[in-house]
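Residue numbers (my numbering): 900 to 938. Right, one structure below, let's go through it.
Set out below in structure tokens:
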């Protein structure tokens with residue numbers, strides 16, 4: 900495995916981790932928006 904390939908793989912892992920970290924925040928934001936709309 901070349902260093903370049905592992906670097907690309909690491910970047911993909913970081914992007915996936917960021918996606919999973921921000922997903923709950925986006926879901927909470929959507930719920931808050933829905934709550935404001937229904938009020």
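All C-beta atoms in this analysis are idealised placements derived from N, C-alpha and C, irrespective of residue type, glycine included.
DSSP-derived helix/strand/coil call for residue i
| i | result |
| --- | --- |
| residue 921 | helix |
| residue 937 | helix |
| residue 901 | coil |
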